[in-house]
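Undergrad: Numbering (this note's numbering), first residue to last: 3 to 565.
Just so you know, even glycine gets a beta-carbon here, dropped at the ideal spot from N, CA and C.
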Amino acid sequence: MSTITRLRVGNEDFLVAAMIERCPKSMMIRELLQNALEAAQSAPDGERRVEFSALTVDGARKLALWNAGRGLTAAELYRMCDIAASINKVNGLDANFGMGAKVASLPSNQHGMRYRSCRDGVVHEVVLGKRGGTYGRLHQPAPDGRLTEIVEVTGLARAEGRDTASDWTEVVLLGNRAEQDTVADPFDGHPRSPANWLIETIGGRYFRFLPGGSVLLQPGIHPVTASYALRSLEQRLAALPHYERVALPDGVVIHYAYDAPHPDKPGANLSQPSGLENAEGMAGIVFRDEIFAVMRGAQWRREAPSFGVPVGARHVSILVELPSDHPVQAEGYREFLRYRGGAQAQVRLADLAPLIAEHQPGWLKEILAGSSPSAALVAEAQQEMGELLRSLGVARRRPPRPRTEDMPPPATPVAPPAPRPVVIETAPALFLLRGAAEVADAGLTFRAACYYPESHQLHINLTYPAVAVMASMLTGSEDSEEVAPAVQAAATEIAERSMVMRVARALVHGLAKRGRPREWNDGQLRVLLSAESLTLAADDVHAGFTEAQESFRQSVLAVPMAE
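1. Helix, strand or coil: how does DSSP classify N37 here?
2. Can you tell me whether DSSP reads Y298 as helix, strand or coil?
3. Could you please give the first and the last residue of the uninterrupted alpha helix (DSSP H) stretch that includes H511?
4. Specify the secondary structure class of K267 as computed by DSSP and reduced to three states.
5. What's the call for E162, buried or exposed, on a 16-neighbour Cβ count within 10 Å?
6. Give me the DSSP bridge partner(s) of F54.
7. Name, in chain order, the residues that DSSP records as bridge partners for R32.
8. Which residues share a DSSP beta bridge with K132?
9. Leaving aside the five residues before and after P268 along the sequence, list all residues of the same chain whose C-beta is less than 6 Å from its C-beta, in chain order.
10. Would you list the one or two residues that DSSP bridges to Q459?
11. If I'm right that V318 touches L435 with Cβ under 8 Å, what's the distance once you round it to whole angstroms?
12. Suppose you measure from the CA of N93 to the CA of R24; what does that come to, to the nearest Å?
13. Which same chain residues end up closer than 7 Å to L74 when comparing Cβ atoms and leaving out the 5 residues on each side of it in sequence?
14. Can you tell me whether DSSP reads E549 as helix, strand or coil?
15. For D261 versus A281, is the C-beta spacing smaller than 7 Å?
16. Could you give the distance in angstroms between the alpha-carbon of V558 and the alpha-carbon of A488?
17. Buried or exposed for D252, going by 16 or more other Cβ atoms inside 10 Å?
18. Grab me the residues of Y117's own chain with a C-beta within less than 6 Å of its C-beta, minus the 5 sequence neighbours each way, in chain order.
19. Return helix, strand or coil for G147, following the three-state DSSP convention.
20. CB-CB under 8 Å to G131, same chain, minus the five flanking residues each way: which ones, in chain order?
21. Below 7 Å between beta carbons: does that hold for S308 and S457?
22. Excluding five sequence neighbours on each side, which residues of the same chain lie with their C-beta closer than 8 Å to the C-beta of L218?
23. Tell me the rounded alpha-carbon separation between G102 and V469.
24. My understanding is that A568 touches Y454, with C-beta atoms under 8 Å, so please give their C-beta distance in whole angstroms.
25. Buried or exposed, going by whether 16 or more other CB atoms sit within 10 Å of the CB of L158?
26. Count the other CB atoms within 10 Å of the CB of D169; is the residue buried (16 or more) or exposed (fewer)?
27. Please identify the residue among K515, A550 and A378 whose C-alpha is closest to the C-alpha of R477.
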């Protein structure tokens, strides 16, 4: 005898509409493509194709997605349309939800999304859409004139060029309006889509495709002029001269790649001409072949220092791949990952910043270090910071991650453990930025410096106006006055050194306030170590000015005088 009464749905139309209209539009292509890739796995080796193309329906261009693999019968096609229905798949929180493609696509295709499937030479069709506020299967006239939901369209499919000798399935996005071009404008202007939106969407989501699967873009998909096979991100990174796959003992794999600047195309990477995919650097978390928590473009360039990439982020890609049994799971719409335990917080790339910085390959460190100018000034500033840290007794507050595989088994305690010795903080890695792009990427266009506690790095903007102000004070010149180039160079060099030292000392004194919670709470420490606080230290051009004057005098005396 049952001891429970099953819960039922009181308002089915409302529940279905709510599930559909709350789904992020950005997930549409992911859900459609994932279904197609999985279905194509049933095709013979070498024929597991998925194709995107442009079809004309009632005079308007519509985006079509076709896949090889076992087709659906009329009954299966009918059942497939229901929410939480899966054909030839198992429902589960870690498997198939049975609603992804339908739920993610219908908000942007209320006019209709047309499914056709060929099974054993017979093609059936169903159209899903929204009419009168209700989502469902649209009624279509059958050959005998009666209205029905599933129609047989084998002859029509053949007339349109589809081969019925083998099984396949096709979905056509009809959009929200009959005249809408869903190839160029899949979301009907909300949001607007760039010309290469489809390639960007796939490239930003898939690290690798399913085994043996290929994704083809046919002419009509911008900017394709001939059939083009998309390359997965894994393929593209592995083909670069600078790529390393770092496997960790717990099954996590970190992919590091560097794509050098293109010599003739400013802002582009060297591999960009090799294909249509975006070659700009990026970062993200890979789980079961898909990329989550993606950082690209300006966001990645701004956040990269926290991951141990102080400069050149547009050329660096870092992907952390979690094992398939890692204790995370995709949230309901698969937009992001959640931890399974505790409060089930969202998994963020920043959670893995220490891991990424710790395992950065030596070759990448060398490339990044070579991108930072003024090595002598960096060494001098780091030495002074190190001495000041030691004199102030600043304790290290960034404990290294334990490496359990290297730790011996614990010994049986025979006496109370001795107090741990204080580990003095080391000087942060210092990066001096001069290029306008680097300064902008670091978010320092109007700031002098920024400290990244996650990677223990200090970035200083050598183009900050305080340098020019002190240089003018040293030369005693006004803006309109000309100064000998050698003298100006000496003044600028000394002004840069003075600002770097001011910022470095301010940072060290800020770090010294850690570990004193009664005097400095976390919020106050964030302010103390902020870019704004370090900028104020840079602005104090009168601090150490006497020393700078003496250095300038000695430098000018050493400048050869023109005859």
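TA: In this structure, then:
1. Here residue 37 refers to the residue found at position 35 when the sequence shown is read from its first residue. For N37, the secondary structure class from DSSP, reduced to helix, strand or coil, is helix.
2. Counting from 1 along the sequence shown, the entry for residue 298 is found at position 296. The displayed chain sequence assigns Arg, not Tyr, to residue 298. R298: strand per DSSP, three-state reduction.
3. Here residue 511 refers to the residue found at position 509 when the sequence shown is read from its first residue. That run of the alpha helix (DSSP H) goes P487 to L513.
4. As a working note, residue 267 is residue 265 in the sequence shown. Of the three classes helix, strand and coil, the one that applies to K267 here is coil, per DSSP.
5. Along the sequence shown, read from residue 1 onward, the residue named residue 162 stands at position 160. Burial call: exposed.
6. To locate residue 54, count along the sequence shown from 1; it is residue 52. Per DSSP, L67 and L219.
7. Taking the sequence shown and counting its residues from 1, the one referred to as residue 32 is at position 30. BP columns for R32 are empty, so no partner.
8. If you number the sequence shown from 1, residue 132 lands on position 130. Paired residue(s): Y137.
9. Your numbering for residue 268 matches position 266 in the sequence shown. There are no such residues.
10. For the purposes of this step, residue 459 is taken as the residue at position 457 of the sequence shown. As a beta-bridge residue in DSSP terms, Q459 pairs with A431 and Y454.
11. Looking up residue 318 in the sequence shown gives position 316. Looking up residue 435 in the sequence shown gives position 433. Actually they are not in contact, since the Cβ atoms of V318 and L435 sit about 16 Å apart, beyond 8 Å.
12. One-based indexing of the sequence shown puts residue 93 at position 91. One-based indexing of the sequence shown puts residue 24 at position 22. Only weak support exists for where N93 lies, its pLDDT of 46 falling under 50; the value from the coordinates is given anyway. About 21 Å.
13. The sequence position of residue 74 within the sequence shown is 72, counting from 1. Same-chain partners within the cutoff: M82, I89, S119, R121 and T171.
14. Reading the sequence shown from its first residue, position 547 is the one you call residue 549. The answer is helix: DSSP assigns E549 an H, G or I state.
15. On the sequence shown, residue 261 is found 259 positions in, with the first residue counted as 1. On the sequence shown, residue 281 is found 279 positions in, with the first residue counted as 1. Cβ atoms of D261 and A281: closer than 7 Å.
16. Locating residue 558 in the sequence shown gives position 556, where the first residue counts as 1. Locating residue 488 in the sequence shown gives position 486, where the first residue counts as 1. Answer to the nearest angstrom: the Cα atoms are 8 Å apart.
17. Mapped onto the sequence shown, residue 252 falls at position 250. Burial check for D252: the Cβ neighbour count within 10 Å stays below 16, so the residue is exposed.
18. Residue numbering aside, residue 117 sits at position 115 when the sequence shown is read from its first letter. Hits under 6 Å: V128 and V173.
19. The count along the sequence shown starts at 1 and reaches residue 147 at position 145. Looking at G147 - three-state DSSP - the assignment turns out to be coil, as it is neither helix nor strand.
20. Indexing the sequence shown from 1 puts residue 131 at position 129. Counting only Cβ-Cβ distances below 8 Å, and skipping sequence neighbours, we find L108, N111, Q112, H113, G114, M115, Y137, G138, L140 and L176.
21. On the sequence shown, residue 308 is found 306 positions in, with the first residue counted as 1. On the sequence shown, residue 457 is found 455 positions in, with the first residue counted as 1. Yes. Within cutoff.
22. Sequence index remark: in the sequence shown, residue 218 carries index 216 (1-based). Once the five neighbours on either side are set aside, the close Cβ partners of L218 are R51, V52, E53, F54, S229, Y230, A231 and L232.
23. Counting from 1 along the sequence shown, the entry for residue 102 is found at position 100. Counting from 1 along the sequence shown, the entry for residue 469 is found at position 467. Rounded to whole angstroms, the separation of the alpha carbons of V469 and G102 is 56 Å.
24. Because the chain spans 3 through 565 in this model, residue 568 falls outside it and cannot be assessed.
25. By 1-based counting over the sequence shown, the position of residue 158 is 156. Looking at its Cβ environment, which holds fewer than 16 other Cβ atoms inside 10 Å, L158 is exposed.
26. Translated into the one-based positions of the sequence shown, residue 169 becomes position 167. Buried, by the Cβ-count rule.
27. Here residue 477 refers to the residue found at position 475 of the sequence shown. The sequence as given places Thr at residue 477; Arg does not occur at that position. Measuring C-alpha to C-alpha distances from T477 to each of K515, A550 and A378 identifies A550 as the nearest.
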